[in-house]
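*Asks:* Heads up, the sequence shown is in the working numbering, so the first residue is 12 and it goes up one at a time.
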Amino acid sequence: MSKNPDIYLLYEYMEKVPFTVRMKVLLDAPVDREKLAEAAQTAIGRLPYFSVKVGLDEGQNYTLEHNDKPIAVLPEKDERLILGSDAVNGHLFAITYRDNCVWFNYSHSLCGAMGGLFWVKATLYQYMVKKYGPIEAPKDVKLPGTPVADGELFFPDADKLPDDEPISRYTGGDTNLHLGRFLKYLLNPFAKDNYYYQVEIPARGFMEYAASIDGSPNTILTALMFKATSRLFKEKDGTFLAGRIAADYRKDIGANLSYRDFVRFIHVRYEWSMKDESIQKLNMRARGAVITQNQSELSFERFKKLDKAHKGIDDQPNLKAKKQFAAKNSTFRSDPRDTYTISYVGQTDWGGMEEHIQGFYTISDGDLMLEVNALKDAFCITFQVVSKDRKPLDLFCEVLKQENIPYRVSERYTRYMPKIKLPS
Numbered sequence: 012m013s014k015n016p017d018i019y020l021l022y023e024y025m026e027k028v029p030f031t032v033r034m035k036v037l038l039d040a041p042v043d044r045e046k047l048a049e050a051a052q053t054a055i056g057r058l059p060y061f062s063v064k065v066g067l068d069e070g071q072n073y074t075l076e077h078n079d080k081p082i083a084v085l086p087e088k089d090e091r092l093i094l095g096s097d098a099v100n101g102h103l104f105a106i107t108y109r110d111n112c113v114w115f116n117y118s119h120s121l122c123g124a125m126g127g128l129f130w131v132k133a134t135l136y137q138y139m140v141k142k143y144g145p146i147e148a149p150k151d152v153k154l155p156g157t158p159v160a161d162g163e164l165f166f167p168d169a170d171k172l173p174d175d176e177p178i179s180r181y182t183g184g185d186t187n188l189h190l191g192r193f194l195k196y197l198l199n200p201f202a203k204d205n206y207y208y209q210v211e212i213p214a215r216g217f218m219e220y221a222a223s224i225d226g227s228p229n230t231i232l233t234a235l236m237f238k239a240t241s242r243l244f245k246e247k248d249g250t251f252l253a254g255r256i257a258a259d260y261r262k263d264i265g266a267n268l269s270y271r272d273f274v275r276f277i278h279v280r281y282e283w284s285m286k287d288e289s290i291q292k293l294n295m296r297a298r299g300a301v302i303t304q305n306q307s308e309l310s311f312e313r314f315k316k317l318d319k320a321h322k323g324i325d326d327q328p329n330l331k332a333k334k335q336f337a338a339k340n341s342t343f344r345s346d347p348r349d350t351y352t353i354s355y356v357g358q359t360d361w362g363g364m365e366e367h368i369q370g371f372y373t374i375s376d377g378d379l380m381l382e383v384n385a386l387k388d389a390f391c392i393t394f395q396v397v398s399k400d401r402k403p404l405d406l407f408c409e410v411l412k413q414e415n416i417p418y419r420v421s422e423r424y425t426r427y428m429p430k431i432k433l434p435s
């Protein structure tokens with residue numbers, strides 16, 4: 012029986028929902044493939060928990076075994092990678108590059124954005140040292156020769172967490188306005204790769220704006236997106252719009268340094284009657300939701316639910332049954348359905364590397380999904396949609412203009428989320 016917590020999301024893998032992530036770094040010079048390949052091998056040596064391949068034991072549990080083959084460093088092509096395949100040496104992590112861009116592709120089963128940054132920073136730091144010589148290292152970069160800290164590997168014991176009832180919880184329910192767009196995506200094979208735009212907002216002006224209305228990047232973007240989506244969807248009786256904010260809860264459960272993914276969602280319900288309110292007032296509504304739902308008791312509850320699902324998967328007799336159980340008891344799929352999602356990992360320390368980084372974008376699954384990263388001088392937003400229709404983006408930009416928030420928008424890109432090859 013496998014007890015490695017990193018394998019369980021693999022049971023939920025589907026062709027259209029692969030649970031993979033891409034982190035795209037725009038550099039100030041064309042990529043040197045040879046130096047990048049050397050850096051990739053140096054960096055992964057410090058991250059043994061990512062240097063793995065998927066196996067299947069006698070009980071038909073997925074396992075993660077050490078993989079001593081090199082991390083693949085390949086030219087970026089207009090097609091999906093297949094993680095776990097021979098083309099990437101069986102790894103669940105792979106690097107692609109084109110011109111001045113590097114894509115870090117990985118399975119969400121092992122980690123989320125926090126853990127992904129372990130790998131991205133470690134690799135880019137080795138690359139830039141090889142390319143430019145000595146450079147200031149980020150404080151949290153994982154350097155070759157340094158020991159793997161216990162905190163990196165920490166995974167809580169659910170039985171040791173309190174069972175206290177939270178003071179309050181979200182009771183707003185599901186919104187069904189977004190369902191039509193999602194079904195259209197599932198039924199349309201030509202949209203299976205879906206799309207994104209890179210939106211860059213100058214950091215100084217945005218933070219001054221945030222301070223002026225007592226907001227944070229999360230709550231302000233939640234308010235801005237409500238304005239945009241209230242113009243995208245038609246008002247119907249009995250319906251409402253809801254945003255959700257990804258909340259990292261690792262500190263609540265003592266996993267501050269862990270590479271693993273510990274995310275739950277804060278839900279913000281907006282009524283149609285609020286669509287003409289100011290961004291300041293909508294921001295305050297989002298702040299209220301954050302304050303109300305930002306409780307450690309909800310984090311304990313979320314982790315216990317995750318732990319229960321893991322044990323249930325282990326108890327199933329075969330791989331087919333494990334996958335069926337994982338799908339029916341998914342913590343992600345059982346969340347309230349919202350209209351849009353904001354995911355912001357906070358300010359990232361790049362050390363001296365930042366002078367060579369022109370943009371940093373996270374690419375994931377989801378429609379009306381905003382992945383947000385912050386450099387010192389810019390917020391880099393990946394605005395993700397499931398069709399070529401620009402209307403959602405245009406409405407978002409219209410709101411930015413109305414609030415006098417400057418921005419730049421890229422061309423439309425195809426996401427090309429990686430697939431995963433798993434043993435069967």
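Built from N, CA and C at the ideal position, the CB exists for glycine as well.
To the nearest whole angstrom, what separates the beta carbons of L47 and Y138, a pair I think is in contact under 8 Å?
*Replies:* 5 Å
*Asks:* Which same chain residues, not among the five before or five after R280, have their C-beta less than 7 Å away from its C-beta?
*Replies:* G183, F251 and A253
*Asks:* Taking contact to mean at least 3 C-beta pairs separated by less than 8 Å, is the segment 28-46 in contact with the segment 98-118?
*Replies:* yes
*Asks:* Between the segment 392-399 and the segment 51-70, do at least 3 Cβ pairs fall closer than 8 Å?
*Replies:* no
*Asks:* Give a yes or no on contact between the segment 159-170 and the segment 63-81, applying the rule of three or more CB pairs nearer than 8 Å.
*Replies:* no
*Asks:* Just mark K319 as buried or exposed, buried being the case when its beta carbon has 16 or more other beta carbons within 10 Å.
*Replies:* exposed
*Asks:* To the nearest angstrom, report how far apart V131 and M380 are at their CA atoms.
*Replies:* Spanning the two alpha carbons is a distance of roughly 22 Å.
*Asks:* From the DSSP output, in three-state form, read off L433 for me.
*Replies:* DSSP places L433 in coil when its eight states are reduced to three.
*Asks:* Any idea if V159 is buried or exposed, counting beta-carbon neighbours within 10 angstroms, 16 or more meaning buried?
*Replies:* exposed
*Asks:* Measuring straight from C-alpha to C-alpha, what distance separates R70 and N329?
*Replies:* The question names Arg, but residue 70 is Gly in the sequence shown. When rounded, the distance between both Cα atoms is 7 Å.
*Asks:* Given a cut-off of 9 Å, decide if A234 and A300 are closer than it, judged by their beta-carbon atoms.
*Replies:* no
*Asks:* Taking 6 Å as the limit between beta carbons, can you name the residues of its chain near P228, skipping five residues before and five after?
*Replies:* Y355
*Asks:* How many angstroms separate the CA atom of S421 from the CA atom of Q209?
*Replies:* Near 5 Å, if we compare the C-alpha coordinates of Q209 and S421.
*Asks:* On the three-state DSSP scale, how would you describe M12?
*Replies:* Annotation note: pLDDT 40 at M12 (below 50); position unreliable, no value reported.
*Asks:* If I follow the unbroken alpha helix (DSSP H) through A300, where does it start and stop?
*Replies:* I290 to Q304
*Asks:* With L75 and A105 assumed to form a contact (beta carbons below 8 Å), what rounded beta-carbon distance in angstroms separates them?
*Replies:* No, L75 and A105 are not in contact; Cβ-Cβ is about 16 Å, not under 8 Å.
*Asks:* Rounded to the nearest angstrom, what separates T107 and V152 at their Cα positions?
*Replies:* Computed Cα separation, rounded: 21 Å.
*Asks:* Residues in its own chain within less than 8 Å of D263 by CB, not counting five upstream and five downstream?
*Replies:* S307, S310 and F311
*Asks:* Compare the Cα-Cα distances from S345 to each of Q327, W361, L317 and K333 and report the closest residue.
*Replies:* L317
*Asks:* Using only alpha-carbon positions, find the residue among K315, I416, L154 and G323 that is nearest to K339.
*Replies:* Ranking K315, I416, L154 and G323 by CA distance to the CA of K339 puts G323 first.
*Asks:* So, helix, strand or coil for C122, using DSSP?
*Replies:* Three-state result, C122: coil.
*Asks:* Going by other Cβ atoms of all chains shown within 10 Å of its Cβ, with 16 needed for buried, is N187 buried or exposed?
*Replies:* exposed
*Asks:* Looking only at C-alpha atoms, which of Y181, Y418 and Y136 sits nearest to E366?
*Replies:* Y136
*Asks:* Among Y427, G191 and Q358, which has the Cα closest to the Cα of D388?
*Replies:* Q358
*Asks:* Could you give the DSSP three-state label for M428: helix, strand or coil?
*Replies:* M428 falls in the coil class under three-state DSSP.
*Asks:* Using the rule of at least 16 other Cβ atoms within 10 Å of the residue's Cβ for burial, across every protein chain shown, is M236 buried or exposed?
*Replies:* buried
*Asks:* Pull up the distance between the alpha-carbon of F276 and that of D89, whole angstroms please.
*Replies:* 32 Å
*Asks:* Buried or exposed, going by whether 16 or more other CB atoms sit within 10 Å of the CB of H321?
*Replies:* buried
*Asks:* Please decide whether G226 counts as near chain D, where near means a Cβ-Cβ distance under 9 Å.
*Replies:* Here chain D cannot be found, since the structure has a single protein chain.
*Asks:* Please report the straight-line C-alpha distance between D405 and Q369, rounded to a whole angstrom.
*Replies:* 24 Å
*Asks:* Expressed to the nearest angstrom, what Euclidean distance is found between the alpha-carbon atoms of L92 and H119?
*Replies:* Rounded to whole angstroms, L92 and H119 show a C-alpha spacing of 14 Å.
*Asks:* Below 9 Å between beta carbons: does that hold for R524 and Y143?
*Replies:* Since the displayed the chain opens at 12 and closes at 435, residue 524 lies outside it and no answer follows.
*Asks:* So V99 and K238 are in contact, right, with Cβ under 8 Å, and what is the actual spacing, rounded?
*Replies:* In fact, because the Cβ distance is near 42 Å, the residues do not count as touching under 8 Å.
*Asks:* A332: buried (16+ other C-beta within 10 angstroms of its C-beta) or exposed?
*Replies:* exposed
*Asks:* Candidates N384, G363 and D378: which alpha carbon is nearest Y372's?
*Replies:* N384
*Asks:* Check the C-beta distance from R271 over to P59 and give it rounded, since I have them as a contact under 8 Å.
*Replies:* In fact, because the Cβ distance is near 14 Å, the residues do not count as touching under 8 Å.
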